[in-house]
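Participant:
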Amino acid sequence: MKITGKTSVYGIFGFPVKHSLSPLMQTAAFQHCGIDAVYVPFEVSPEALKDGIKGIKALNVKGINVTVPHKEKVCELVDYLSEDAEFLGATNTVKNENGVLTGYNTDAEGFLRSLLEEGTNVEGKKVVMFGAGGAARAVGYALLKGGAKVLHLINRNFQRAKEVGELLSKRGNVLVYPLKENTAESLVEDADIVVNTTSVGMKEGDPKLFDYSVIKGETVVVDIIYNPPLTPLLKAAKEKGCKVVNGLGMLVHQGAIAFEIWTGKKAPVDVMRKVLEEALY
Ligand code: ATR
């Protein structure tokens, strides 16, 4: 591609940002659609975040993604927030329209789309979710927005579970539990959908979240981890005959929705997924 005086600039703010796959994914999408734009990583420290956001306006950067550790703080620095970003207190996408910045959160919708794409509708379903971090907020919110009948939220740190449960219960039926032997197993046995939002399963040697042998074949099992593509949880579920979904779809769709917010065009989801698969696996 040719970079000219007319080329638009997009990017991602993170600290660190080197590991981010968004430049690869968004650049592929722009190129595929023939959009005259570049997408670059910006390593922005927490101390520099305020100036960085001002810089978007100053430099007429058209849009940014926001990743760890800036998602919460950015909410205070933009002019407007979407309903999802406001509810979650987290922004992962900013659009600059003539110097007016709006913060969006595409993680929640991205998660729902990744399930729908696999033929899983959460409406009326009994869901068990592990975790109470930032990812759990977005995923739990998405599940309730999608119409889950009940969300059983399990976390090792019970205080955090209670805090996230309190927030999410504004949107639906949420029950919280500490991560204890037998509690998790009996809830999982009775669930339609099980979702892991914790980091357990990312590294070899990680403990098991619960006794995976209790998973029934009719249960849909979701892990938002995408590397490895099959965590021990998903492996065990697959062996039981379950439908399993990893986190790659969520990564692709949160990016696809950001692309659509910025460009008004339908995102080339398959192209975006392909470059990620090539880079990761
Ligand atoms: P993110 O923003 O990606 O959600 P996070 O806020 O660091 O990341 O949350 C990590 C989640 O993984 C938490 O729910 C954490 O449980 P605690 O709140 O009890 O810390 C969970 N987690 C990490 N390691 C874990 C382990 N070994 N066993 C159980 N849960 C674990």
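In terms of the working numbering, the sequence shown is numbered consecutively and its last residue is 269.
No residue lacks a Cβ here, since even glycine has one placed at the ideal position from N, Cα and C.
Exposed or buried, which one is Tyr68 when buried takes at least 16 other CB atoms within 10 Å?
Facilitator: Exposed: under 16 other Cβ atoms inside 10 Å.
Participant: On the DSSP bridge assignment, give the partners of Gly153 in chain order.
Facilitator: BP columns for Gly153 are empty, so no partner.
Participant: Please report the straight-line C-alpha distance between Arg101 and Gly237, rounded to a whole angstrom.
Facilitator: The alpha-carbon atoms of Arg101 and Gly237 are separated by roughly 8 Å.
Participant: Quick check: is any heavy atom of the ligand ATR less than 6 Å from the C-beta of Arg101?
Facilitator: Because no heavy atom of the ligand ATR lies under 6 Å away, the Cβ of Arg101 does not count as near it: no.
Participant: Under the rule that 16 or more other beta-carbon atoms within 10 Å means buried, what is Glu266, buried or exposed?
Facilitator: That one is exposed.
Participant: What number of angstroms, rounded off, separates the C-alpha of Asp322 from the C-alpha of Pro11?
Facilitator: Because the chain here runs from -11 to 269, residue 322 falls outside it and cannot be looked at.
Participant: Would you mind working out which of Tyr27, Leu65, Lys50, Gly51 sits nearest Leu37, comparing C-alpha positions?
Facilitator: Leu37 has its Cα closest to that of Leu65, out of Tyr27, Leu65, Lys50, Gly51.
Participant: Reducing DSSP to helix, strand and coil, say where Phe118 ends up.
Facilitator: Three-state result, Phe118: strand.
Participant: For the ligand ATR, is there a heavy atom less than 6 Å away from the beta-carbon of Asn184?
Facilitator: No, the ligand ATR has no heavy atom inside 6 Å of this Cβ.
Participant: Which residue marks the beginning of the alpha helix (DSSP H) containing Thr186, and which one marks its end?
Facilitator: Element bounds for Thr186: n/a, residue is neither H nor E.
Participant: Is the beta carbon of Gly121 within less than 6 Å of some heavy atom of the ligand ATR?
Facilitator: For the ligand ATR, at least one heavy atom lies less than 6 Å from the Cβ of Gly121.
Participant: Val188: beta carbon under 6 Å from a heavy atom of the ligand ATR?
Facilitator: Yes, the ligand ATR has a heavy atom inside 6 Å of this Cβ.
Participant: Verify whether the separation of the beta carbon atoms of Ile212 and Thr219 is less than 7 Å.
Facilitator: Not in contact: Ile212 and Thr219 (Cβ atoms no closer than 7 Å).
Participant: Could you tell me how far apart the beta carbons of Asn143 and Leu167 are, in whole angstroms, since I believe they sit closer than 8 Å?
Facilitator: About 6 Å separates the two Cβ atoms, so the contact holds.
Participant: Quick one: complete alpha helix (DSSP H) runs, 4+ long, within the segment 9 to 68?
Facilitator: With a minimum length of 4 residues, the continuous alpha helix (DSSP H) runs that stay inside the segment 9 to 68 are 10 to 20, 37 to 47, 62 to 65.
Participant: Suppose you measure from the CA of Leu155 to the CA of Lys114; what does that come to, to the nearest Å?
Facilitator: Spanning the two alpha carbons is a distance of roughly 19 Å.
Participant: Give a yes or no on whether the C-beta atoms belonging to Glu173 and Val210 are separated by under 7 Å.
Facilitator: Not in contact: Glu173 and Val210 (Cβ atoms no closer than 7 Å).
Participant: Which residues does DSSP list as the beta-bridge partners of Leu141?
Facilitator: For Leu141, which the question treats as bridged, DSSP gives the partners Met117, Val164.
Participant: Taking the beta carbon of Gly205 as the centre, do at least 16 other beta carbons fall within 10 Å, making it buried, or is it exposed?
Facilitator: Burial call: exposed.
Participant: Counting only runs that start and end within the segment 199 to 237, where is the beta strand (DSSP E) found for 3 or more residues in a row?
Facilitator: Here the runs fully enclosed are 208 to 211, 231 to 233.
Participant: Excluding the five sequence neighbours on either side, which residues of its own chain have a C-beta within less than 6 Å of the C-beta of Asp180, listed in chain order?
Facilitator: Result list for Asp180: Lys113, Lys114, in chain order.
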